[in-house]
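Report on one structure; see the data block that follows.
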Amino acid sequence: MLRNNEDEDDDLMDISNSLNPVAGDILDNDAVVTIDQAVSFSSSSSDAELYDEADSNLFLLFFIFELLMAVISIQRHIFVFQPRLLNIRLKRYVIYYFPLLFCLIYPPIFYLIIIVFYPCDGTQWVFSSNLCGYANCYLLYNKMLSSFAWVINNGLPSIIIFLANVVLVFRVIQQKRHRQQLISWKKQRRMALQLLAISSVYMIGWIPNLISGVGQRIISPNFLAQIQLDYLLDLIYIVCLSLPWVCCRLLPEFNKWIWKLFCSGYVIRNDVRPT
Numbered sequence: 050m051l052r053n054n055e056d057e058d059d060d061l062m063d064i065s066n067s068l069n070p071v072a073g074d075i076l077d078n079d080a081v082v083t084i085d086q087a088v089s090f091s092s093s094s095s096d097a098e099l100y101d102e103a104d105s106n107l108f109l110l111f112f113i114f115e116l117l118m119a120v121i122s123i124q125r126h127i128f129v130f131q132p133r134l135l136n137i138r139l140k141r142y143v144i145y146y147f148p149l150l151f152c153l154i155y156p157p158i159f160y161l162i163i164i165v166f167y168p169c170d171g172t173q174w175v176f177s178s179n180l181c182g183y184a185n186c187y188l189l190y191n192k193m194l195s196s197f198a199w200v201i202n203n204g205l206p207s208i209i210i211f212l213a214n215v216v217l218v219f220r221v222i223q224q225k226r227h228r229q230q231l232i233s234w235k236k237q238r239r240m241a242l243q244l245l246a247i248s249s250v251y252m253i254g255w256i257p258n259l260i261s262g263v264g265q266r267i268i269s270p271n272f273l274a275q276i277q278l279d280y281l282l283d284l285i286y287i288v289c290l291s292l293p294w295v296c297c298r299l300l301p302e303f304n305k306w307i308w309k310l311f312c313s314g315y316v317i318r319n320d321v322r323p324t
C-alpha cells in the first residue's frame, strides 16, 4: 500500500531506476502511478496482459524473419552448387519446403507456450521503465529457457546468416579458380556487397542484444541491463526498417520484380490511326 506522497515518490523512483524489475517493490494492481508529478496512468494486470500479447506478436515476427533469412542463406549454397538435388521431389521437399514451413510453424508455437501459457501473475512489470521493464516471466524466472531463447532462437540464426553469406562469396571465387574460369571481380564485389550488407543488418540488430542477454544469464542479472533497455533493444528495429531499403538499393532484380508487380495492370497501347 502507498503510505504518503513522499514515500510514494521514493518508491516509484526506486522502481524506475532499478535494473532488475523483481528487486524493486511491486505496486498494487489498482495503484495510480505518478512520475515526476506530471504524468499519471493506471496500472493493472490487464495492462500487463496487453503488453505481454503485443510483445509476443512483435518478437514472433522478428523471429520468423530471422529464421527465414538464415534458412534462405543456407539454401542459397544448394541453389548455386548443388541445383540438381532439387530435381528429385523428395529431396526438394526435405531441403526446400520443409525448412521454410518449419520457420513459419515453430516460432508461433514456441512463443505461445513460453509467453501466453507460461504461469505468470503480471506483477513483475515496471510501467515506469522502457518496455515496462522487459520482464517476461520466462526471462526472469527460467534461466535455461531464457538462455535457449537468446542463444538458439536469436543469436544462432544471426551468426548463420553472416557466416553463410561470407562463405558463399569465397566458395564462388574458389570454384571459378578451380575451373580456371575468368573471374569478373566487378560482379564478385557486387555480390559480396549485397550479401554482406544484408548480413550486417542482422548482426548490428541482434548481436549486441545477444551479448547482453547471455551475460545477464551467466554473469549477472544487471549485466548491461539498463543499456539494453535504453538502447540495445531498439537496435532490433533496424532490421525491419533498413532491410527493405537495402534490398531496393543493392538488388536490381528485386526492383524489377516490384516494378512488374505494381505495373502489371497497365497495358501500353499503340493505336495506329490513318493520317
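Each residue of the sequence shown is one higher than the one before, starting from 50 at the first, in our numbering. Every residue gets a Cβ at the ideal spot worked out from N, C-alpha and C, and that includes glycine. All values derive from a computational prediction rather than experimental measurement.
_Exposure label - Leu161; buried when at least 16 CB within 10 Å_ = In the sequence shown, the residue the question calls residue 161 occupies position 112. When all chains shown are included, Leu161 counts as exposed.
*Any non-hydrogen atom of the ligand GDP within 7 Å of Pro148 CB*: The ligand GDP is not part of the structure shown, which contains no ligands of any sort.
*Grab me the residues of Val295's own chain with a C-beta within less than 8 Å of its C-beta, minus the 5 sequence neighbours each way, in chain order.*
On the sequence shown, residue 295 is found 246 positions in, with the first residue counted as 1. Leaving aside the five residues that flank Val295 on each side, the residues in its chain whose CB is nearer than 8 Å to its CB run, in chain order, Ala246, Ile247 and Val250.
*For Ile287, which residues of its own chain have a beta-carbon under 8 Å away from its beta-carbon, when the five flanking residues on both sides are left out?*
Taking the first residue of the sequence shown as 1, we reach residue 287 at position 238. Cβ within range, chain order: Val250, Ile253 and Gly254.
*Cβ neighbour criterion (16 or more within 10 Å) applied to Arg266*: On the sequence shown, residue 266 is found 217 positions in, with the first residue counted as 1. Buried, since its Cβ has 16 or more Cβ neighbours within 10 Å.
*With Leu117 and Leu149 assumed to form a contact (beta carbons below 8 Å), what rounded beta-carbon distance in angstroms separates them?*
The sequence position of residue 117 within the sequence shown is 68, counting from 1. The sequence position of residue 149 within the sequence shown is 100, counting from 1. Rounded, the Cβ-Cβ distance is 7 Å, consistent with contact.
*Straight-line CA distance for Gly73 to Gln275?*
By 1-based counting over the sequence shown, the position of residue 73 is 24. By 1-based counting over the sequence shown, the position of residue 275 is 226. Residue placement at Gly73 is poorly supported in this model, since its pLDDT is 38, which falls under 50; the coordinates still yield a value, given next. So the two alpha carbons sit approximately 14 Å from each other.
_With 16 other Cβ atoms within 10 Å as the buried cut-off, status of Ile158_ = As a position in the sequence shown, residue 158 is number 109, starting the count at 1. Answer is exposed; the Cβ neighbour count stays below 16.
*Residue of Tyr187, Tyr155, Pro156 and Ile154 minimising C-alpha distance to Asp170*: The residue you call residue 170 lines up with position 121 of the sequence shown. Residue Tyr187 is the option with its Cα nearest to Asp170.
*Taking Ile209 and Ser122 to be in contact with their CB atoms under 8 Å, please state how far apart those CB atoms are, rounded to whole angstroms.*
On the sequence shown, residue 209 is found 160 positions in, with the first residue counted as 1. On the sequence shown, residue 122 is found 73 positions in, with the first residue counted as 1. Sure, about 6 Å apart at Cβ, within 8 Å.
*Is Leu194 near Ile163, with beta carbons less than 8 Å apart?*
As a position in the sequence shown, residue 194 is number 145, starting the count at 1. As a position in the sequence shown, residue 163 is number 114, starting the count at 1. Taking 8 Å as the Cβ cut-off, Leu194 and Ile163 qualify as a contacting pair.
*Burial state of Gln277, where buried means 16 or more other Cβ atoms lie within 10 Å*: Start at 1 with the first residue of the sequence shown, and residue 277 comes out as number 228. Buried, because 16 or more other Cβ atoms sit within 10 Å of the Cβ of Gln277.
*Contact check, Val120 vs Cys152 under 8 Å by CB: the rounded distance?*
Along the sequence shown, read from residue 1 onward, the residue named residue 120 stands at position 71. Along the sequence shown, read from residue 1 onward, the residue named residue 152 stands at position 103. Contact flag correct, Cβ pair sits at about 6 Å.
*Enumerated in chain order, which unbroken segments of the beta strand (DSSP E) with a length of 3 residues or greater are wholly contained in the region 124–165?*
none
*What's the C-alpha gap between Asn53 and Pro156?*
Position 4 of the sequence shown, counted from the first residue, corresponds to residue 53. Position 107 of the sequence shown, counted from the first residue, corresponds to residue 156. Caution applies to Asn53, whose pLDDT of 45 falls short of 50 and renders its modelled position unreliable; the model cannot decide the point.
*Any idea what DSSP makes of Tyr167, helix, strand or coil?*
Indexing the sequence shown from 1 puts residue 167 at position 118. The answer is coil: DSSP assigns Tyr167 none of H, G, I, E or B.
*asked:* Rounding to the nearest angstrom, what Cα-Cα distance links Ser261 and Leu212 in this structure?
replied: Here residue 261 refers to the residue found at position 212 when the sequence shown is read from its first residue. Here residue 212 refers to the residue found at position 163 when the sequence shown is read from its first residue. Rounded to whole angstroms, Ser261 to Leu212 spans 21 Å at the Cα level.
*Leu310, DSSP secondary structure in three states*: The residue labelled residue 310 in the question sits at position 261 within the sequence shown. Leu310 falls in the helix class under three-state DSSP.
*Go through its chain and collect everything with a Cβ distance to Phe303's Cβ below 7 Å, but skip five positions before and after it.*
Numbered from 1 along the sequence shown, position 254 holds the residue referred to as residue 303. Answer for Phe303: Cys296 and Cys297, listed in chain order.
*For Asn285, which of Trp306, Leu300, Asn258 and Pro270 has the nearest alpha-carbon?*
For the purposes of this step, residue 285 is taken as residue 236 along the sequence shown, with counting starting at 1. According to the sequence shown, residue 285 is Ile rather than Asn. Closest by alpha carbon: Asn258.
*asked:* Using C-beta distances below 6 Å, list every residue in its chain close to Arg238, excluding the 5 sequence neighbours before and after it, in chain order.
replied: For this step, residue 238 is matched to residue 189 along the sequence shown. Contacts found: none.
*May I ask you to report which of helix, strand or coil DSSP gives Ile260?*
Counting from 1 along the sequence shown, the entry for residue 260 is found at position 211. If DSSP states are grouped into helix, strand and coil, Ile260 belongs with the helices.
*Identify, in the order they occur along the chain, each residue of the same chain with its Cβ nearer than 8 Å to the Cβ of Ala241, setting aside the five sequence neighbours on each side.*
Along the sequence shown, one-based indexing puts residue 241 at 192. Taken in chain order, the residues that qualify are Val218.
_Unbroken alpha helix (DSSP H) run spanning Ser196, endpoints_ = Residue mapping note: residue 196 aligns to position 147 of the sequence shown, counting from 1. Residues Lys192 to Phe197.
_Ser207 vs Val263 beta-carbon contact at 8 Å_ = Position 158 of the sequence shown, counting from 1, holds the residue named residue 207. Position 214 of the sequence shown, counting from 1, holds the residue named residue 263. It is not a contact, given that the beta carbons lie outside the stated cut-off.
_Length of the line joining the Cα atoms of Arg226 and Ile137_ = Translated into the one-based positions of the sequence shown, residue 226 becomes position 177. Translated into the one-based positions of the sequence shown, residue 137 becomes position 88. If you take the alpha carbons of Arg226 and Ile137, they lie about 29 Å apart.
*asked:* Please list the terminal residues of the continuous alpha helix (DSSP H) segment that includes Val285.
replied: In the sequence shown, the residue the question calls residue 285 occupies position 236. It is worth fixing the name first, because residue 285 is Ile in this sequence and not Val. Start and end: Ile285 to Leu299.
*asked:* Helix, strand or coil for Lys305? Go by DSSP, reduced to three states.
replied: Numbered from 1 along the sequence shown, position 256 holds the residue referred to as residue 305. In this structure, DSSP gives Lys305 a helical state, which the three-state scheme calls helix.
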